[in-house]
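In the numbering used here, the protein residues as written are 156 to 271.
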């Protein structure tokens, strides 16, 4: 194997090249296996589930389990398409559980908070 430095669009990269022997076919090496996704947190039975309206990243979690909220209170701030979206409480109640953390990536429909 030989190491080379390659410049692509002004950025230097170090690469390693391996010469194949006569008659040897190229067989790509298997990529390392991805870590399994974390299991979603359990959602309490009953209660109002507040879900992500779109995929994005959680910028802030404004409530904690056991906290009392009123309809319209901001529960979570979700960044999607470079815009901050306040996810608000749909009803008055007590936060039963918070199922996301700051920095988490969520998909559309992911349960963020449950209100009793």
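Note that CB positions come from ideal geometry on N, CA and C, so glycine has one too.
For clarity, every value in this text was computed on a predicted model and none was experimentally measured.
Q. Taking three-plus beta-carbon pairs below 8 Å as touching, is the region 206–224 in contact with the region 248–264?
A. Yes, since at least three Cβ pairs between the region 206–224 and the region 248–264 fall closer than 8 Å, the two stretches touch.
Go ahead and pull the three-state DSSP assignment for residue 237.
Walking along the chain shown from the start, residue 237 turns up at place 82. Three-state result, residue 237: coil.
Q) Going by other Cβ atoms of all chains shown within 10 Å of its Cβ, with 16 needed for buried, is residue 230 buried or exposed? A) Your numbering for residue 230 matches position 75 in the chain shown. Flag for residue 230 reads buried.
> Under a three-way DSSP split, which group does residue 243 fall into?
Replying inline: Numbered from its first residue, the chain shown carries residue 243 at position 88. If DSSP states are grouped into helix, strand and coil, residue 243 belongs with the strands.
Would you report the Cα separation of residue 224 and residue 244, rounded to the nearest angstrom? Within the chain shown, numbered from 1, the residue matching residue 224 stands at position 69. Within the chain shown, numbered from 1, the residue matching residue 244 stands at position 89. Distance between the alpha carbons of residue 224 and residue 244: 7 Å.
Report task. Identify, in the order they occur along the chain, each residue of the same chain with its Cβ nearer than 6 Å to the Cβ of residue 251, setting aside the five sequence neighbours on each side. Result -> Taking the chain shown and counting its residues from 1, one reaches residue 251 at position 96. Answer for residue 251: 199, 202, 269, 271, listed in chain order.
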